[in-house]
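Residues in the sequence shown are numbered consecutively from 20, following this note's numbering.
All C-beta atoms in this analysis are idealised placements derived from N, C-alpha and C, irrespective of residue type, glycine included.
Computed from a prediction, not measured in an experiment: that's the story for all the values here.
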Amino acid sequence: MSIIAVRGTNLLQRIVTAALLAPLVVWGILVLSTRYFSLVLGAVVLVGAWEWAGLVGWNRWASRAAYSLGTAVLLYAASQWYAFPTHGWLFLSTAALVWWCVALDWIVRFEQGIAIEPLASPVARTLIGWTVLLPFWGALVAVHQYADSGANNGINSGPVLVILLMILIWGADSGAYFVGRRFGKRRLSPRTSPGKSWEGVAGGLLVAVLVSVIAVFFAELPLEQGIILVALSFGTVMLSILGDITESLFKRRIGIKDSGQILPGHGGMLDRIDSLTAAAPFFALVVYATDLKNYFGATLP
């Protein structure tokens, strides 16, 4: 089979998988209560933990199961933390942003050919997996449940904001993919993720800005809040790119392309949520630091 045929098949699988999953994801976000949303999202995190165990270097079933079980225990502990609704998720998200600053430094060093000693440590890779996955879960659950203080007419702005985040990431990912394939020439991270280009980044950011502008008009945001939303979208997508490349760094270490094969055309669960793991904590923190949650709750028809 030719390379063109293989790429065409992968693209078709990618589109079909996305077309099947996207409506289901949106339906779940809108219909499920936060309690059940957190459980479903927890299941996603556990699949991601199973795959992350492979990035740690644990290929035996028992080792992966143990890591997933440990992740489940931590998720349960976080959900039972009495301060989680008001302070717990803030701590997790802030810790995550510190980690993503470290991750950016690692990527720059890796691109320069500088050895990253912690990357060789199984203990460090184990802890990093939890630093990636737990704040992702906490941020999305917090936005889903508590971003509704301005809601009226029974409209809960939390699920709407979660969907907005998803659309931003999906749109930017698609924009980067297609623009990069068509116009990509300058490699973004040649050693870490050679398939990504600066042209693809520009395409993804353009889509994100368009999505945010549409959201501004839809929610009838004042100028100040509209500017905040556009800036938030820009920053969210930049963080999502960092999340994607960081996972590539860990995959590059063990010489694999995908973290798994659970999603045809997309690879593993981590390959699908890697962008969100970095973007969600940032998105949640900015939403809570501004009045965006109130506008999205109060202006929906």
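Asked	Found
Pull up the distance between the alpha-carbon of Ile-246 and that of Val-59, whole angstroms please.	33 angstroms
Taking Ala-227 as the reference, which of Asp-277, Gly-219, Phe-253 and Val-181 has the closest Cα?	Phe-253
Taking the alpha-carbon positions, what's the Ala-195 to Leu-123 distance?	19 angstroms
For Thr-213, report the span of its beta strand (DSSP E) as first-last.	Going by the sequence as given, residue 213 is Pro instead of Thr. Taken as a continuous stretch (DSSP letters only), the beta strand (DSSP E) holding Pro-213 covers 212 to 216.
Rounded to whole angstroms, what's the CA-CA distance from Ile-260 to Ser-294? Just pull it up for me.	6 angstroms
Starting from Arg-206 and walking both ways along the beta strand (DSSP E), at which residues does that stretch end?	206 to 208
Relative to the alpha-carbon of Thr-309, which residue among Gly-73, Asp-277, Ala-250 and Trp-46 has its alpha-carbon at the smallest distance?	Ala-250
Go ahead and pull the three-state DSSP assignment for Pro-241.	coil
Distance, Cα to Cα, Ser-52 vs His-163?	9 angstroms
Are the CB atoms of Phe-155 and Pro-42 within a distance shorter than 9 angstroms?	no
Any chance the stretch 196 to 203 sits against the stretch 69 to 83, with 3 or more Cβ pairs inside 8 angstroms?	no
Between which two residues does the alpha helix (DSSP H) harbouring Gly-274 extend?	Segment: none, Gly-274 is in no alpha helix (DSSP H) and carries neither H nor E.
What number of angstroms, rounded off, separates the C-alpha of Trp-108 from the C-alpha of Trp-149?	14 angstroms
Please state if the CB of Val-230 and the CB of Ala-298 are separated by a distance shorter than 9 angstroms.	no
Contact defined as beta carbons within less than 8 angstroms: I believe Leu-94 pairs with Gly-47. What is the distance between those atoms, to the nearest angstrom?	Leu-94 to Gly-47, Cβ: 18 angstroms. No contact.
What residue does the alpha helix (DSSP H) around Gln-99 start on, and which one ends it?	80 to 99
At the level of alpha carbons, what is the spacing between Val-305 and Thr-113?	11 angstroms
Using a Cβ-Cβ cutoff of less than 6 angstroms, which residues in the same chain neighbour Phe-302 once the five nearest sequence positions on both sides are dropped?	Leu-184 and Thr-255
Using the C-alpha atoms, what's the distance from Gly-222 back to Ala-191?	7 angstroms
Once the 5 residues before and after Met-20 are set aside, which same chain residues still bring their CB inside 6 angstroms of it?	Reliability fails at Met-20, whose pLDDT of 37 lies under 50, so the model's placement of it is uncertain and the value that follows must be treated cautiously. So no residue of the chain qualifies.
Taking C-beta to C-beta, are Tyr-86 and Ala-68 nearer than 9 angstroms?	yes
What are the start and end residues of the alpha helix (DSSP H) that includes Ala-297?	288 to 308
Applying the criterion that 16 or more other CB atoms from any shown protein chain within 10 Å of the CB defines a buried residue, is Ala-139 buried or exposed?	exposed
Does DSSP put Leu-65 in a helix, a strand or coil?	helix
Buried or exposed for Ile-34, please, with buried defined as at least 16 other CB atoms from any protein chain shown within 10 angstroms of its CB.	exposed
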